[in-house]
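Trainee:
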Amino acid sequence: MCRRSQRPSVVMYGCCGAARTPAKRSLWRRRLRLHGGTRPGRKDLWPDQLRLMAHGNGLAWRVAARDAVTYPEAVTLAATLADAGVQQQLLDEAGRHQPHSLADVPRLVGELARRLERPWIAGRLAAITTGPLNTWVRACVRSQAGHRPKTQSMWRISPPHRPTPVSQLLADSSDRGETPVQPDPALLPDSAEGAARGFARGLRHARTYAAEHGHLCAPNTVQMEGFAVGLWLANQRAAGPELAPERAAALDALDPWWNPPWNLWWQRIYHRAQAHVRAGQPLAPDLGFPGTPEGLGEWLYDQCADYPQLHPQQQRLLTDIGITPEQARAAKPRRKNIKAVRHTALDHARAYAAQHGHLCAPTSASQGGFTVGKWLHSQRVRARRGQLDPVLNRTLTDIDPWWNPPWPTDWQREHHHAHAAVTAGALPDPEAGFRNFDDRTGQWLYAQCVNYTALQPGQQHLLARLGLTELVAGTAVPNPATRHPAMETGLHYARDWAAQHGDLDIPRTAPT
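Under the UniProt record's numbering, the letters of the sequence shown match residues 1 to 512, in that order.
1. Counting only runs of 4+ residues fully inside the stretch 295 to 375, write out the alpha helix (DSSP H) ranges in chain order.
2. Give me whichever residues DSSP pairs with Phe-227 in a beta bridge.
3. Measure the alpha-carbon distance for Arg-335 versus Thr-208 and round it to whole angstroms.
4. What do you get for Ser-364, buried or exposed, if any count of 16 or more other CB atoms within 10 angstroms of its CB means buried?
5. Please work out which residues of its chain come closer than 8 Å, Cβ to Cβ, to Val-86, disregarding the five sequence neighbours upstream and downstream, and give them in chain order.
6. I'd like to know if the stretch 244 to 253 and the stretch 265 to 284 are in contact, where contact means that at least 3 CB-CB pairs between them fall below 8 Å.
7. Let me know the secondary structure DSSP gives Asp-286 once reduced to three states.
8. If we call anything under 8 Å between Cβ atoms a contact, is Gly-373 one with Pro-390?
9. Tell me whether residue 515 sits in a helix, a strand or coil according to DSSP, three-state version.
10. Tell me whether Ser-143 sits in a helix, a strand or coil according to DSSP, three-state version.
11. I think Thr-475 touches Pro-430, with their Cβ atoms under 8 Å apart; what is that distance to the nearest whole Å?
12. Pro-241 by DSSP, collapsed to three states: which one?
13. Could you give the C-beta distance for Ala-353 and Leu-376, rounded to a whole number, given that I count them as a contact under 8 Å?
14. Leaving out five residues before and five after Gln-274 in sequence, what residues of the same chain have Cβ atoms less than 6 Å from its Cβ?
15. With a CB to CB cut of under 6 Å and the five nearest residues on each side skipped, what residues in its chain are close to Pro-261?
16. Can you give me the C-alpha to C-alpha distance between Ser-378 and Ile-399, rounded to a whole angstrom?
17. Please determine, among Arg-96, Arg-329, Pro-256 and Gly-198, the residue with the shortest C-alpha to C-alpha distance to Trp-232.
18. Taking only three categories from DSSP, how would you classify Thr-409?
19. Please tell me whether Arg-230 and Val-222 are closer than 8 Å, where the distance is taken between their beta carbons.
20. Output the distance between the C-alpha atoms of Thr-397 and Trp-403, rounded to the nearest integer angstrom.
21. Run through DSSP, which three-state label would His-100 get?
22. Anyone know if the C-beta pair for Lys-332 and Leu-287 falls short of 8 Å?
23. Quick check: the Cα distance between Trp-28 and Ala-113, rounded to an integer number of angstroms?
24. May I ask you to check if the CB of Val-141 is nearer than 7 Å to at least one heavy atom of the ligand MG?
25. Glu-93 lies in the alpha helix (DSSP H); which residues open and close that run?
26. Looking at the secondary structure, which residues open and close the alpha helix (DSSP H) in which Leu-471 lies?
27. Please determine, among Gly-226, Asp-252 and Gly-442, the residue with the shortest C-alpha to C-alpha distance to Gln-236.
28. Should Ile-157 go down as buried or exposed, given a rule of 16 or more other Cβ atoms within 10 Å for buried?
29. What do you get for Asn-259, buried or exposed, if any count of 16 or more other CB atoms within 10 angstroms of its CB means buried?
30. So what does DSSP say about His-215, is it helix, strand or coil?
31. Kindly indicate which three-state DSSP category Val-109 falls into: helix, strand or coil?
32. Tell me whether Leu-188 is buried or exposed, calling it buried when 16 or more other Cβ atoms sit within 10 Å of its Cβ.
33. Compare the beta carbon distance of Gly-433 and Pro-478 with 8 Å and say whether it is the shorter of the two.
34. Determine whether the beta carbon atoms of Leu-466 and His-419 lie at a separation below 8 Å.
35. Would DSSP call Ser-158 helix, strand or coil?
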């Protein structure tokens, strides 16, 4: 049998529980004879068919009942999904977008309903956002099955979606003394209960987050009452359509777009636009989105400009807030008030400096919802290119003389932490491994002492203000009790070991 013909067996077993055994093929042939060799087109005929097969060996009937009903449909489904023409049709229909639900690929849904002879099933399939069929669709689009060899991911069925093995169903159902088939090993109860409790806890915090923010597109760093709800949601999204149906349904109930096929950044900004509209402020694309915040107005115009390239569901979401295809074509860019933008940015920069004591903010920093870190980074780039307005440069220098140092801003932030500790009363003690400072700052100070001569004069001047002159820096030793050793600390002890033993073949249990 060729490789291609072997693949669908995974889908057959995973989707419908069929197993290709001689006994079950015989039962299927018997079923065909009983009904004139035709397959039913309606689900309500199945009970009658099963009753016709119930005479005789009751245990055998129970073993075969489920598979006898689903086997022909499983064969049809597997043959359809393995059809290269169907796969190519799916790729053409999906285009460059990853489907969110089967409603995004109506031609595939219609083809399945036609081949299964169940027209009523199309409506039910269209609402599916999880499950093995949705997983197959996404894997097919992701692997471009029509253009290169298919991947295993297209045919894998995740454990939550696999049917209960027949052996497990019948292990305790023998009524004639037959030896029951041994069931497959199940999950340990403790593990299953622990996973259920963990999901329930995460869902509880997710519900709190959704009630507060109106969505579940939380950044990974978000915590609720000490629980990393952002990371927990990221883990649920990673499972994708393979997530257990009841868990996916619980998250869908909180936010239908908790796991969109586009990036979460888009979805979070969309929620900002949605909140703006719900507050009674229409967007007015043809007027340049007046009344919207600067960044939001620019983002909305970008969506209008890229409207034809957006995911169909993104287009639908934009329509929900008043941006139809016609309005997107008529959209105008938001007008910028440079003076107002600068004034707002400086206000946030002053607030950041008042809170942190400096302006060397990381690019991820925000202040009052304003991305002050990115704005300051842009001003530093302009200043180094000689393009920054001198008035703005002087204003920023008045706030923090070292807002644009000639060395990395990371170094300047660490120096500020050390300076704040010294100002608070911590005495530099290089001969004792800087034990008067927190572990991170102490390690940083030791690293500066080791590399003192390689520092720029300005950096040496700033260290001297902390009491670390070149002479004092030469007396520094590392703190052996550190839990986060710097490279210089590791090298110090590596040199000591090499001097004593002549090599660096150090056992993992060797004392420091």
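Ideal Cβ placement from N, Cα and C applies to all residues, glycine included. Since the structure is predicted, the reported quantities are computational estimates derived from the model, not experimental observations.
Mentor: The answer reads as follows:
1. For the stretch 295 to 375, whole alpha helix (DSSP H) runs of length 4 or above, ordered along the chain, are 312 to 320, 325 to 329 and 338 to 356.
2. Within the sequence shown, numbered from 1, the residue matching residue 227 stands at position 227. According to DSSP, Phe-227 bridges with Met-224.
3. Your numbering for residue 335 matches position 335 in the sequence shown. Your numbering for residue 208 matches position 208 in the sequence shown. Looking at the backbone, the Cα of Arg-335 and that of Thr-208 are separated by about 37 Å.
4. Taking the sequence shown and counting its residues from 1, the one referred to as residue 364 is at position 364. Here Ser-364 is exposed. Its C-beta has fewer than 16 other C-beta atoms within 10 Å.
5. As a working note, residue 86 is residue 86 in the sequence shown. Counting only Cβ-Cβ distances below 8 Å, and skipping sequence neighbours, we find Thr-80, Leu-108 and Glu-111.
6. Contact between the stretch 244 to 253 and the stretch 265 to 284 is absent, because fewer than three Cβ pairs lie under 8 Å.
7. The residue labelled residue 286 in the question sits at position 286 within the sequence shown. When DSSP states are grouped into helix, strand and coil, Asp-286 belongs to the helix group.
8. As a working mapping, residue 373 is identified with position 373 in the sequence shown. As a working mapping, residue 390 is identified with position 390 in the sequence shown. Between Gly-373 and Pro-390, the gap from beta carbon to beta carbon reaches 8 Å or more.
9. Outside the displayed span of the chain (1 to 512) sits residue 515, for which this structure offers no information.
10. Within the sequence shown, residue 143 is the residue found at index 143, counting from 1. In the structure shown, Ser-143 adopts helical secondary structure according to DSSP, grouped into three states.
11. On the sequence shown, position 475 is the one that residue 475 refers to. On the sequence shown, position 430 is the one that residue 430 refers to. That pair is a contact at about 5 Å.
12. Walking along the sequence shown from the start, residue 241 turns up at place 241. Here Pro-241 carries a helix assignment [DSSP, helix/strand/coil].
13. Position 353 of the sequence shown, counted from the first residue, corresponds to residue 353. Position 376 of the sequence shown, counted from the first residue, corresponds to residue 376. In fact, because the Cβ distance is near 10 Å, the residues do not count as touching under 8 Å.
14. Translated into positions along the sequence shown, residue 274 becomes position 274. Non-local beta-carbon contacts of Gln-274 in its own chain, meaning distances under 6 Å to residues more than five positions away in sequence, involve Ile-321 in chain order.
15. Counted from its first residue, the sequence shown places residue 261 at position 261. Cβ neighbours of Pro-261 beyond the five flanking positions: Gln-98 and His-100.
16. Mapped onto the sequence shown, residue 378 falls at position 378. Mapped onto the sequence shown, residue 399 falls at position 399. If you take the alpha carbons of Ser-378 and Ile-399, they lie about 17 Å apart.
17. The residue you call residue 232 lines up with position 232 of the sequence shown. Distance from the Cα of Trp-232 is smallest, within the candidate group Arg-96, Arg-329, Pro-256 and Gly-198, for Gly-198.
18. Stepping through the sequence shown from its first residue, residue 409 is reached at position 409. Helix.
19. Start at 1 with the first residue of the sequence shown, and residue 230 comes out as number 230. Start at 1 with the first residue of the sequence shown, and residue 222 comes out as number 222. The sequence shown places Gly at residue 230, not Arg. Closer than 8 Å, so yes.
20. As a position in the sequence shown, residue 397 is number 397, starting the count at 1. As a position in the sequence shown, residue 403 is number 403, starting the count at 1. Looking at the two C-alpha atoms, the distance is approximately 6 Å.
21. Position 100 of the sequence shown, counted from the first residue, corresponds to residue 100. In the structure shown, His-100 sits in coil (DSSP, three-state: anything other than H, G, I, E or B).
22. Sequence index remark: in the sequence shown, residue 332 carries index 332 (1-based). Sequence index remark: in the sequence shown, residue 287 carries index 287 (1-based). With contacts defined as CB atoms closer than 8 Å, Lys-332 and Leu-287 qualify as a contacting pair.
23. To locate residue 28, count along the sequence shown from 1; it is residue 28. To locate residue 113, count along the sequence shown from 1; it is residue 113. Bear in mind that the predicted position of Trp-28 carries a pLDDT of just 44, short of 50, making it unreliable; the figure below should be weighed with that in mind. In a straight line, the C-alpha of Trp-28 is about 22 Å away from that of Ala-113.
24. Ligands displayed in this structure: none; no statement on the ligand MG is therefore possible.
25. As a first step, residue 93 is located in the sequence shown; it is residue number 93 there, counting from the start. Here the alpha helix (DSSP H) through Glu-93 covers 84 to 94.
26. Residue mapping note: residue 471 aligns to position 471 of the sequence shown, counting from 1. Boundaries of the alpha helix (DSSP H) around Leu-471: 470 to 473.
27. Working through the sequence shown from its first residue, we reach residue 236 at position 236. Nearest of Gly-226, Asp-252 and Gly-442 to Gln-236, Cα basis: Asp-252.
28. Taking the sequence shown and counting its residues from 1, one reaches residue 157 at position 157. Taking a 10 Å sphere around the C-beta of Ile-157, we find 16 or more other C-beta atoms and assign the residue as buried.
29. Numbered from its first residue, the sequence shown carries residue 259 at position 259. Answer is buried; the Cβ neighbour count reaches 16.
30. In the sequence shown, residue 215 corresponds to position 215, counting from 1. For His-215, the three-state secondary structure derived from DSSP is coil.
31. The sequence position of residue 109 within the sequence shown is 109, counting from 1. Val-109 falls in the helix class under three-state DSSP.
32. Stepping through the sequence shown from its first residue, residue 188 is reached at position 188. With a pLDDT of 44 at Leu-188, under the threshold of 50, the predicted position of this residue should be treated as unreliable, and no value is reported.
33. Along the sequence shown, one-based indexing puts residue 433 at 433. Along the sequence shown, one-based indexing puts residue 478 at 478. Yes.
34. The residue you call residue 466 lines up with position 466 of the sequence shown. The residue you call residue 419 lines up with position 419 of the sequence shown. Yes, the Cβ-Cβ distance between Leu-466 and His-419 is below 8 Å.
35. The residue labelled residue 158 in the question sits at position 158 within the sequence shown. For Ser-158, the secondary structure class from DSSP, reduced to helix, strand or coil, is coil.
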